[in-house]
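S.K.: The structure follows.
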Amino acid sequence: VSPLRKRVVLKMRLQCLFAALCLGVGVMAGKYSRELNEPKPNDRDGQAVEFRIAKLNQVWEKAQRMQLSPVRQAELHSDLKIQEKDELQWKKMKVEGFDENGEKEAQLRRNFHVILAKYGMDGKRDTRPLESNSLKDHDIKEEDAFEDPRLDKLWNKAKISGKFSDEELLNLKREFQHHKDKIHEYNILMDTVSRTEEIHKNVISPLEGDTKEHVLQQKHTELKHKMRDLNQGFERLRKLSHEGFSEDSEFREPRVIELWEAAKRTNLSNDELESLKEELRHFETKVEKHSHYKEQLELSHQKLQHVEALGDKEHIKRNKEKYDTLAEKTREMGYKMKKHMQDLSNKISRQGLQHNEL
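Each residue of the sequence shown is one higher than the one before, counting from 1 in full-length UniProt numbering.
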């Protein structure tokens, strides 16, 4: 064999070896690549997986089978995204050796149970209906507006007092509705505590009993805080109903008002309150924008149903695309709004603790 042919054969072998090595490295890299570790399409129906945690996907799939209203689905999606964020953060904490007493884990479990109960997925018949669709504010029957005699009495007095303009009455009704929602969540948590106490009675292991006792104490503490918030919220409603809105009312959105009232109770300095007030104004804009998108989503769904009844396939396709885009945008905005609210709540709580410790 000539020297030239030997060099050609050697070169070809080296190229094959290099290609094989590259392929091997590519396979190994692919095993740990982002693409392969991102959620894969659902094997059963080919639809993209929404969440990185299996139980959250199961809840989402169940919600779609239940055919919740578009606004309720968007709200649930946002709640599940927040739950996903918190659980992934907790898993990282766990790996780094934090949360040794399981306090964060217990809180995440409570939050998950609240989500299930809130959207009627806890297997129980809920006699306390909760509807977050802001479009239906004007459809509420006056005789059972808030399903709480004290709230109904206050509302009826405020309505006939002559102290409120139409716009102020609408803002007041939103505050009443928000308080009703908080009562609903308190009842869910109280029910969860009752079930935990039943389990606690049947515990045999002393070590396990200590753990259950710790979780139970946490839940009772949370109940106490929520009851305090409910009492403060009701007192605000009582005052508003009797005195009306003051001219210097800072905010319109109930959730923002609640955060502002909590901030004022923390004994923050005037400069700190002014800074927080500005941040809350930006947050209120975000809340109002999200409410607008929820209304548009409901209207888009009604239009799609109308078009589907007519049967024009091209028209249906166009409206379905618009509806899907709007639904996705509403979910995304809902998540960002709820995450911002969570951050603000944590910030106010931390500042309050710092000042109370001084």
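Glycine is no exception: its CB is placed at the ideal position from the N, C-alpha and C atoms.
With distances taken from CA atoms, which of Gly233, Arg195, Val71 is nearest Arg150?
M.R.: Here residue 150 refers to the residue found at position 150 of the sequence shown. Minimum Cα distance to Arg150 is reached at Gly233.
S.K.: In terms of alpha-carbon separation, which member of Glu168, Gly97, Phe283, Trp90 lies closest to Leu108?
M.R.: Indexing the sequence shown from 1 puts residue 108 at position 108. Checked all of Glu168, Gly97, Phe283, Trp90; the closest Cα to Leu108 is Trp90.
S.K.: Go to Asp99, then tell me how far its alpha helix (DSSP H) extends in each direction, as first and last residue.
M.R.: Taking the first residue of the sequence shown as 1, we reach residue 99 at position 99. Unbroken run through Asp99: none, as it is neither H nor E.
S.K.: From Asp271 to Lys277, what distance separates their C-alpha atoms?
M.R.: Locating residue 271 in the sequence shown gives position 271, where the first residue counts as 1. Locating residue 277 in the sequence shown gives position 277, where the first residue counts as 1. Approximately 10 angstroms between the Cα atoms of the pair.
S.K.: Given 6 angstroms as the limit, tell me if Leu170 has its C-beta closer than that to any heavy atom belonging to the ligand ZN.
M.R.: This structure lacks the ligand ZN; in fact it carries no ligand of any kind.
S.K.: Can you tell me the Cβ-Cβ gap for Leu56 and Tyr119, rounded? I've got them flagged as a contact below 8 angstroms.
M.R.: Here residue 56 refers to the residue found at position 56 when the sequence shown is read from its first residue. Here residue 119 refers to the residue found at position 119 when the sequence shown is read from its first residue. Between Tyr119 and Leu56 the Cβ distance is about 13 angstroms, and since that is not below 8 angstroms, they are no contact.
S.K.: In angstroms, rounded to a whole number, what distance separates the CA positions of Glu50 and Lys317?
M.R.: Position 50 of the sequence shown, counting from 1, holds the residue named residue 50. Position 317 of the sequence shown, counting from 1, holds the residue named residue 317. Roughly 23 angstroms between the two C-alpha positions.
S.K.: Measuring CB to CB, does Gly244 end up less than 7 angstroms from His290?
M.R.: Position 244 of the sequence shown, counting from 1, holds the residue named residue 244. Position 290 of the sequence shown, counting from 1, holds the residue named residue 290. Their beta carbons are not under 7 angstroms apart, which means Gly244 does not touch His290 by this criterion.
S.K.: Could you say if the region 172–184 and the region 217–237 meet the contact criterion of at least three C-beta pairs nearer than 8 angstroms?
M.R.: Verdict: yes, contact present.
S.K.: Check for me: the alpha helix (DSSP H) holding Ile257 runs from which residue to which?
M.R.: On the sequence shown, residue 257 is found 257 positions in, with the first residue counted as 1. Here the alpha helix (DSSP H) through Ile257 covers 254–264.
S.K.: In chain order, what residues of the same chain lie with their CB nearer than 6 angstroms to the CB of residue 364, ignoring the 5 residues before and after it?
M.R.: The shown model of the chain, from 1 to 358, leaves out residue 364, and the question about it has no answer.
S.K.: Quick one: using the 10 Å Cβ neighbour count with 16 as the cut-off for buried, is Lys153 buried or exposed?
M.R.: As a working note, residue 153 is residue 153 in the sequence shown. Lys153 should be labelled exposed.
S.K.: Might you give, ordered along the chain, the residues of its own chain that have their beta carbon closer than 7 angstroms to the beta carbon of Glu250, omitting 5 neighbours on each side?
M.R.: The residue labelled residue 250 in the question sits at position 250 within the sequence shown. So the list reads Trp260, Lys277, once near-sequence residues are dropped.
S.K.: Out of Lys264, Met341, Lys320, point me to the one whose CA is closest to Lys286's CA.
M.R.: Locating residue 286 in the sequence shown gives position 286, counting from the first residue. When only C-alpha atoms are compared, the closest one is Met341.
S.K.: Measuring alpha carbon to alpha carbon, tell me which of Ser194, Lys104, Tyr293 ends up nearest Tyr323.
M.R.: Counting from one through the sequence shown, the residue named residue 323 turns up at place 323. Checked all of Ser194, Lys104, Tyr293; the closest Cα to Tyr323 is Tyr293.
S.K.: Spatial neighbours of Gln64 within its chain, please: C-beta separation below 8 angstroms, excluding the five flanking residues on both sides.
M.R.: Mapped onto the sequence shown, residue 64 falls at position 64. Cβ within range, chain order: Gln73.
S.K.: Report buried or exposed for Phe283, applying the criterion of at least 16 other Cβ atoms within 10 angstroms of its Cβ.
M.R.: Within the sequence shown, numbered from 1, the residue matching residue 283 stands at position 283. Per the 10 Å Cβ criterion, buried.
S.K.: If we ignore side chains and look at the alpha-carbon of each, how far apart do Arg255 and Asp79 end up?
M.R.: Indexing the sequence shown from 1 puts residue 255 at position 255. Indexing the sequence shown from 1 puts residue 79 at position 79. Spanning the two alpha carbons is a distance of roughly 16 angstroms.
S.K.: Could you give the first and the last residue of the continuous alpha helix (DSSP H) run that contains Tyr293?
M.R.: Mapped onto the sequence shown, residue 293 falls at position 293. Looking at the DSSP string, the run of the alpha helix (DSSP H) that includes Tyr293 is 270–310.
S.K.: Roughly how many whole angstroms lie between the Cα atoms of Arg252 and Asn171?
M.R.: Position 252 of the sequence shown holds residue 252. Position 171 of the sequence shown holds residue 171. Taking the straight line joining both Cα atoms gives about 7 angstroms.
S.K.: Count the other CB atoms within 10 Å of the CB of Ile188; is the residue buried (16 or more) or exposed (fewer)?
M.R.: In the sequence shown, the residue the question calls residue 188 occupies position 188. Looking at its Cβ environment, which holds 16 or more other Cβ atoms inside 10 Å, Ile188 is buried.
S.K.: Taking the beta carbon of Ser241 as the centre, do at least 16 other beta carbons fall within 10 Å, making it buried, or is it exposed?
M.R.: As a working mapping, residue 241 is identified with position 241 in the sequence shown. So Ser241 counts as buried.
S.K.: Assuming Asp122 contacts His113 (C-beta within less than 8 angstroms), just tell me the rounded distance between them.
M.R.: Within the sequence shown, the letter at position 122 stands for residue 122. Within the sequence shown, the letter at position 113 stands for residue 113. About 7 angstroms; that satisfies the 8 angstroms criterion.
S.K.: Which residue marks the beginning of the alpha helix (DSSP H) containing Leu56, and which one marks its end?
M.R.: Within the sequence shown, residue 56 is the residue found at index 56, counting from 1. It spans 54–66 - the alpha helix (DSSP H) in which Leu56 sits, taken as one unbroken run.
S.K.: Does the Cβ of Ile348 have 16 or more other Cβ atoms within 10 Å, making it buried, or fewer, making it exposed?
M.R.: For the purposes of this step, residue 348 is identified with residue 348 of the sequence shown, where counting begins at 1. Buried, since its Cβ has 16 or more Cβ neighbours within 10 Å.
S.K.: Have a look at Glu279 and Asp229 and give me their C-alpha separation to the nearest angstrom.
M.R.: Start at 1 with the first residue of the sequence shown, and residue 279 comes out as number 279. Start at 1 with the first residue of the sequence shown, and residue 229 comes out as number 229. Using only the alpha carbons, I get a separation of about 22 angstroms.
S.K.: Please report the straight-line C-alpha distance between Thr266 and Lys226, rounded to a whole angstrom.
M.R.: If you number the sequence shown from 1, residue 266 lands on position 266. If you number the sequence shown from 1, residue 226 lands on position 226. Computed Cα separation, rounded: 17 angstroms.
S.K.: Pick helix, strand or coil for Glu167, following the three-state DSSP scheme.
M.R.: Numbered from 1 along the sequence shown, position 167 holds the residue referred to as residue 167. If DSSP states are grouped into helix, strand and coil, Glu167 belongs with the helices.
S.K.: So, does the CB of Lys264 fall closer than 7 angstroms to a CB anywhere in chain C?
M.R.: Judged by its chain identifiers, the structure shown contains no chain C, having just a single protein chain.
S.K.: Taking Cβ positions, are residue 382 and Leu304 nearer each other than 7 angstroms?
M.R.: Because residue 382 is not part of the residues shown, which for the chain are 1 to 358, the question remains open.
S.K.: Rounded to whole angstroms, what is the Cα-Cα separation between His306 and Leu169?
M.R.: By one-based count along the sequence shown, residue 306 stands at place 306. By one-based count along the sequence shown, residue 169 stands at place 169. Distance between the alpha carbons of His306 and Leu169 is about 32 angstroms.
S.K.: Once DSSP output is grouped into helix, strand and coil, what is the label at Val49?
M.R.: Against the sequence shown, residue 49 aligns to sequence position 49. In this structure, Val49 counts as coil in the three-state DSSP scheme.
S.K.: Output the distance between the C-alpha atoms of Thr325 and Leu116, rounded to the nearest integer angstrom.
M.R.: Taking the sequence shown and counting its residues from 1, the one referred to as residue 325 is at position 325. Taking the sequence shown and counting its residues from 1, the one referred to as residue 116 is at position 116. If you take the alpha carbons of Thr325 and Leu116, they lie about 26 angstroms apart.
S.K.: How is Phe176 classed by DSSP in three states: helix, strand or coil?
M.R.: Translated into the one-based positions of the sequence shown, residue 176 becomes position 176. If DSSP states are grouped into helix, strand and coil, Phe176 belongs with the helices.
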